[in-house]
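Numbering (the working numbering), first residue to last: 14 to 333.
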């Protein structure tokens, strides 16, 4: 009896992961690194596959799903976000979508807190001045007695809040579709987005990118912020209207920003954000720049596929 077929969208997966798949599936690997794989590669190779194992690129839209035919049952991505996937196309065909949010929650939360402190206390500027033989003159702000607002309180937002509880915050605000008991236990207050951005000293974006959150931070909401406000974004670049953010930073409308995500990625070297002293930029590494990350995320991604194949509970299914 022939094995069910699986398409692996790039050649960056650990060999140990591929060997596990090969015991059960007929595995076809697109022989390109993740950043070089394009949608046409999927279209040309996905027909007849039971599963697609991928990452945050390339786009998986109606054309890709249609090319797969009726055999495709599950798509599992090593990314937390899934805005590159047409969820409506999956839903109408009954295809299961899985991600790896459970494998990356604490890792992203750790980086979020680190990025928050580095931005608030001007770590990078101080480091640069020291290496030039100068004494840093810029001063930052602490977290003690501050107001922190978290936009989007899923697993990551809650994990960030738990890590911040030792910083003696004055207030912890959050937005969500409904009250979160975990946040209430930490003293968190469910508020509107407008209230949060106007009240907070530090605004953390940890929400998913969907139509209603696209450009949730824009010129109007930047105008509501305190002059000392700092924005931290570990969600997706398009949560912020980047042109509006640049203007707010250039005019000192707000104090600073720490961005792990931006638009586009990578950011052009001549982009205004690249030269601003009040901005800390990271190359979208929140969920991945640890030794253990690639294996943990890849393992969860294939565990999702094995669960679907064996008709068992799925570790990390996205509810469509």
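Beta carbons: idealized from backbone N, C-alpha and C, even for Gly.
Excluding residues up to 5 positions away in sequence, 273, 274 and 278 lie with their Cβ nearer than 7 Å to the Cβ of residue 297 in the same chain. Secondary structure at residue 96: coil, using DSSP grouped into helix, strand and coil.
The continuous beta strand (DSSP E) containing residue 67 extends over residues 64-67.
For the region 174-198, the continuous alpha helix (DSSP H) assignments of 4+ residues that do not extend past its boundaries occur at 194-198, in sequence order. With a beta-carbon spacing of about 11 Å, residue 118 and residue 310 fall beyond the 8 Å limit used to define contacts.
Distances from the alpha-carbon of residue 220 to those of 62, 164, 36 and 286 put 164 closest. Our two residues, residue 303 and residue 123, have alpha carbons roughly 11 Å apart in a direct line. Distance from the Cα of residue 182 is smallest, within the candidate group 191, 203 and 213, for 213.
Your pair residue 81 and residue 59 checks out as a contact, with CB atoms roughly 5 Å apart and the cut at 8 Å. Runs of the beta strand (DSSP E) spanning 3 or more residues and lying entirely within the region 250-328 occur at 269-272 and 292-294, in chain order.
Residue 247 places its beta carbon 8 Å or farther from that of residue 294.
Only residues of its own chain outside the window of five on either side were considered, and among them 95, 100, 110, 111 and 112 have a CB closer than 8 Å to the CB of residue 331, listed in chain order. Residue 231 holds the alpha-carbon nearest to the alpha-carbon of residue 262 among 231, 251 and 312. Ranked by Cα distance from residue 166, the options 150, 144 and 194 are led by 194. Counting the other Cβ atoms within 10 Å of the Cβ of residue 329 gives 16 or more, which makes it buried.
Counting along the chain, residue 215 sits inside the beta strand (DSSP E) bounded by residues 215-218. Within the model, the alpha-carbon separation for residue 177 versus residue 154 is close to 15 Å. Taking C-beta separations shorter than 8 Å and ignoring five residues to either side along the sequence, the partners of residue 243 in its chain run 129, 132, 133, 154, 214, 215, 216, 267, 268, 269, 270 and 271, following chain order. Annotation for residue 110: the continuous beta strand (DSSP E) segment containing it runs 109-111. For residue 246, there is no enclosing alpha helix (DSSP H); the residue is part of the beta strand (DSSP E) that begins and ends at 243-246. In the structure shown, residue 40 falls within a strand segment according to DSSP collapsed to helix, strand and coil.
Around residue 103, the same chain offers 78, 88, 109, 110 and 333 as residues with beta carbons nearer than 8 Å, after the five sequence neighbours per side are excluded. Boundaries for residue 127: no beta strand (DSSP E) harbours it, while the alpha helix (DSSP H) harbouring it runs 114-133, taken from the DSSP string.
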